[in-house]
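Asks: First to last, the protein sequences are chains A and B. All residue numbers for the first sequence refer to our numbering, where the first residue is 42 and numbers rise by one. All residue numbers for the second sequence refer to our numbering, where the first residue is 13 and numbers rise by one.
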Amino acid sequence: MGRTIIEKIFAAHSEDEVAPGKVIWLELDVRSARDFAGANVVKRFRAAYPGERVADPKKTFFTFDCNAPANTIAYAQNQQVCRVFAREQGIKVYDVDSGIGSHVLMEEGLAFPGATVVGTDSHLNILGAVGAFGQGMGDVDIAFAFRYGKTWFEVPHTTRIVVRGRYEYPVTPKDLTLFLVGKLGSRGALGRAVEIYGEQVEALDMAGRITLCSMATEMGAIGAFLPPSEGLWAFVEEATGRHDFSYPTADPDAEYIQELEFDVSDLKPLIVAPPRPDNVHEVSELEGERVDTVFVGSCTNGRYEDIRLVAEILKGRKVAKGVILKVAPATRRVWGRLLKERWLEVLHDAGAVITHPSCAGCAQGQIGMTGEGEVQLSTGNRNFPGKQGKGPTYLCSPATAAASALFGKITSPERL
Amino acid sequence: MKPTLIRGKPWVITDAEGRLIDDIDTDQIYHNAYLAVTDPAEMGKYAFSNLAGWEDFPEKVRPGDILFVGENFGAGSSRQHAVDCFLALGIGAIVGKSFGAIYKRNAINSGLPLLELPAIPVKELGDLEQVVVDLETGEIKAPDGRVVARAKPMSEVALEIYRAGGLLQLRPR
Numbered sequence: 042m043g044r045t046i047i048e049k050i051f052a053a054h055s056e057d058e059v060a061p062g063k064v065i066w067l068e069l070d071v072r073s074a075r076d077f078a079g080a081n082v083v084k085r086f087r088a089a090y091p092g093e094r095v096a097d098p099k100k101t102f103f104t105f106d107c108n109a110p111a112n113t114i115a116y117a118q119n120q121q122v123c124r125v126f127a128r129e130q131g132i133k134v135y136d137v138d139s140g141i142g143s144h145v146l147m148e149e150g151l152a153f154p155g156a157t158v159v160g161t162d163s164h165l166n167i168l169g170a171v172g173a174f175g176q177g178m179g180d181v182d183i184a185f186a187f188r189y190g191k192t193w194f195e196v197p198h199t200t201r202i203v204v205r206g207r208y209e210y211p212v213t214p215k216d217l218t219l220f221l222v223g224k225l226g227s228r229g230a231l232g233r234a235v236e237i238y239g240e241q242v243e244a245l246d247m248a249g250r251i252t253l254c255s256m257a258t259e260m261g262a263i264g265a266f267l268p269p270s271e272g273l274w275a276f277v278e279e280a281t282g283r284h285d286f287s288y289p290t291a292d293p294d295a296e297y298i299q300e301l302e303f304d305v306s307d308l309k310p311l312i313v314a315p316p317r318p319d320n321v322h323e324v325s326e327l328e329g330e331r332v333d334t335v336f337v338g339s340c341t342n343g344r345y346e347d348i349r350l351v352a353e354i355l356k357g358r359k360v361a362k363g364v365i366l367k368v369a370p371a372t373r374r375v376w377g378r379l380l381k382e383r384w385l386e387v388l389h390d391a392g393a394v395i396t397h398p399s400c401a402g403c404a405q406g407q408i409g410m411t412g413e414g415e416v417q418l419s420t421g422n423r424n425f426p427g428k429q430g431k432g433p434t435y436l437c438s439p440a441t442a443a444a445s446a447l448f449g450k451i452t453s454p455e456r457l
Numbered sequence: 013m014k015p016t017l018i019r020g021k022p023w024v025i026t027d028a029e030g031r032l033i034d035d036i037d038t039d040q041i042y043h044n045a046y047l048a049v050t051d052p053a054e055m056g057k058y059a060f061s062n063l064a065g066w067e068d069f070p071e072k073v074r075p076g077d078i079l080f081v082g083e084n085f086g087a088g089s090s091r092q093h094a095v096d097c098f099l100a101l102g103i104g105a106i107v108g109k110s111f112g113a114i115y116k117r118n119a120i121n122s123g124l125p126l127l128e129l130p131a132i133p134v135k136e137l138g139d140l141e142q143v144v145v146d147l148e149t150g151e152i153k154a155p156d157g158r159v160v161a162r163a164k165p166m167s168e169v170a171l172e173i174y175r176a177g178g179l180l181q182l183r184p185r
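(1) Please list, in chain order, the chain B residues whose beta carbon lies closer than 7 Å to that of A/GLY421.
(2) Can you pull the chain B residues whose beta carbon is under 7 Å from the beta carbon of A/ARG94, in chain order?
(3) CA-CA distance, A/HIS397 and A/ALA152?
(4) Starting from B/PRO130, find everything on chain A with Cβ-Cβ shorter than 7 Å and list it in chain order.
(5) Starting from A/TYR189, find everything on chain B with Cβ-Cβ shorter than 9 Å and list it in chain order.
(6) Pull up the DSSP beta-bridge partners for B/ILE152, would you.
(7) Closer than 8 Å between beta carbons: that is the criterion. Which residues of the region 74–101 of chain B meet it against chain A?
(8) For B/LEU47 versus B/ARG91, is the C-beta distance shorter than 8 Å?
(9) List the residues of chain A that B/ARG162 touches, going by C-beta distances under 9 Å, in chain order.
(10) Assign A/LYS49 to one of three DSSP states: helix, strand, or coil.
(11) For the alpha helix (DSSP H) that contains A/LEU165, what are its first and last residues?
(12) Classify A/ALA275 as helix, strand or coil using the three-state DSSP reduction.
(13) Find the nearest neighbour of A/LEU69 within the set A/TYR90, A/PHE86, A/GLY177, A/ASP304, judged by alpha-carbon distance.
(14) Within its chain, find whatever has a CB closer than 7 Å to the CB of B/ASP77; leave out the 5 residues flanking it on each side and keep chain order.
(15) Cα-Cα, which of A/LEU253, A/GLU240, A/PRO310 is closest to A/ALA170?
(16) Rounding to the nearest angstrom, what Cα-Cα distance links A/LEU225 and A/HIS198 in this structure?
(17) What in chain B is Cβ-close to A/ARG85, meaning under 8 Å?
(18) With C-beta atoms as the reference, is B/ILE41 less than 8 Å away from B/ASN121?
(19) When burial is assigned at 16 or more other CB atoms within 10 Å of the CB, is A/ARG128 buried or exposed?
(20) Any Cβ of chain D within less than 8 Å of the Cβ of A/ALA60?
(21) Within the 8 Å Cβ cut-off, does B/ALA48 reach chain A?
(22) Indicate the three-state DSSP secondary structure (helix, strand or coil) for B/TRP66 in the structure shown.
(23) Apart from the five residues on each side of it in sequence, which residues of its chain come closer than 6 Å, Cβ to Cβ, to A/GLY102?
(24) Does any C-beta atom of chain A lie closer than 8 Å to the C-beta of B/ILE33?
(25) Starting from B/PRO22, follow its DSSP beta bridges and name the residues at the other end.
(26) Of the residues that make up the region 228–239 of chain A, which ones have a beta carbon closer than 8 Å to any beta carbon in chain B?
(27) Quick check: the region 420–433 of chain A against the region 339–346 of chain A, are at least 3 beta-carbon pairs closer than 8 Å?
(28) Could you work out which residues of chain B lie near A/ILE50, taking near to mean beta carbons separated by less than 8 Å?
(29) Leaving out five residues on either side along the sequence, give the residues of the same chain with a beta carbon under 6 Å from the beta carbon of A/LEU457.
(30) With a threshold of 16 other CB atoms inside 10 Å of the CB of A/HIS164, please say whether the residue is buried or exposed.
(31) Would you report the Cα separation of A/ARG374 and A/ALA280, rounded to the nearest angstrom?
(32) Given a cut-off of 8 Å on the beta-carbon distance, is the pair A/ALA361 and A/PHE448 in contact?
(33) What's the C-alpha gap between B/LEU99 and B/GLY56?
(34) Going by DSSP in three states, A/SER445 sits in which element: helix, strand or coil?
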């Protein structure tokens, strides 16, 4: 019987029989923890395995991104606990100057086509963007993975989605992503893997692939997987210096638990209203609502392409009076490129406040939270009540965020 | 050896209208305001402190009690706190229509029994002072022995981890 993408990846990393519903022992190419839960991983490891070594320090990493550099003493303490453990064990730390861990793992070539990666980030399945299996886990799981380099996993069923048609700018990969989240709902793919196909998907650049895979979590999915694309290969070759990867693809006779088909030819810019990510509307339905704060960044939309697009829209203009535009690049590499190409200067001149790479507001990090009644537009992936403060949060594309920042109210980029 | 028959008062997590609450996320179970707490024993008092109508749950619940929950329980973040807070209160098992994928793993790994039951008999459970949950067969019985519902039994690996007292007590095969 044929295999789906996740079954292919698992079969290459396990001696057990791989079939949906079966529990297998899975070899892990990368085991990581971030500053959130990292100290708990260390605490669990020390208690369960006193005096013992991690299975392989070269495959074990810390990535600090939640609160970077720490702005609370508790986080500073937790980061230092991880650093001390890392020194003892010979583990590399991508410290508070690096950016979002999942993105760093891709840029550094540690997550590559066919790889298996675990960490304490619930959006680690974003690594589907490079054809890797990524999985967010709790601290008990990660302590075990550090020690043994493997974990148990129940092989999920796979849902196959085909997206027909093409859209045109100002519809963007984020709108495609929100469209699918809206169609599937928060548990439409609960406990399953998802494969997404179609001409539009194959045309996505790396930033677009990242955006699409980043919100598999908001569909309840174990992860999302895409066919390879030109944008993917350019990225992977730069990250790894290698040209010899074989991308995991599904067999023609692979078995799917569900097959869905959608048409995106008429897709319009979309926006998520409070209080949850599957509350999706066309931007035009909500146009005119006041906006106080606009946040551009996160693992979903913090790439160079995302932030450059915002800068291009704002070039030579100013954000509306009273609107605060906050920008946080995903990684140091993204930040550096935007800086050297002077896109940050464009954003500065438009009135933005720009910060160093991190998860920023999404993880109660360093670019400010919202107060009660403060309406926020975010390019992130979650808007649960209270997550980023007391104010209501809407989720949208970088283009919609930029257009809305210009007018101080929810505005479709179709108006630009 | 850990017991595979769990006996306790059933708590059906419903809203003001008596309907099961779906999609209870980890921020509602254990809010991120208390993430800096690292001592599991301290986490019990924050369980459901951000779930409307259930803020006083930690004061009412007793060790061994059993939770019955809706769809996608534990959606959202990977925080172990959202499992540890129930362990701290001595919750014997959680029976739910479905669970968030990461939450399900975290519970299994910490030795908190989870059972999946697609149809929760809300009214019937509300009338019972006690139920017995059989982790091996999935049967949920009233004190008189009557089977109230049949959940999916726990998987072999989940039972193995539970019996060992948690994943960290095991070695991989």
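From the three backbone atoms N, C-alpha and C, an ideal C-beta is built for every residue, glycine too. Quantities reported herein were computed from a predicted structural model and do not represent experimental measurements.
Replies: Quick look at the numbers:
(1) Per Cβ cutoff of 7 Å: no residues; A/GLY421 is ~13 Å from chain B at best.
(2) Those do not exist, as A/ARG94 stays about 15 Å from chain B at its closest Cβ, beyond 7 Å.
(3) 23 Å
(4) Neighbours of B/PRO130 on chain A: none; closest Cβ ~12 Å, over 7 Å.
(5) ARG183, PRO184
(6) B/VAL145, B/ALA161
(7) GLU83, ASN84, ALA87, GLY88, SER89, SER90, ARG91, GLN92, VAL95
(8) yes
(9) In chain order: nothing, as chain A lies at least about 18 Å away.
(10) helix
(11) Per DSSP, A/LEU165 belongs to no alpha helix (DSSP H) and is neither H nor E.
(12) helix
(13) A/GLY177
(14) GLY20, LYS21, TRP23, ILE103, GLY104
(15) A/LEU253
(16) 16 Å
(17) LEU180
(18) no
(19) exposed
(20) Here the protein chains are A and B, and chain D is not one of them.
(21) yes
(22) coil
(23) Per the sequence shown, residue 102 of chain A should be read as Phe rather than Gly. Contacts found: SER73, LYS133.
(24) no
(25) B/ILE78
(26) ARG228, LEU231, GLY232
(27) yes
(28) The contacting residues do not exist; A/ILE50 stays about 16 Å from chain B at best.
(29) ALA444
(30) buried
(31) 11 Å
(32) yes
(33) 8 Å
(34) helix
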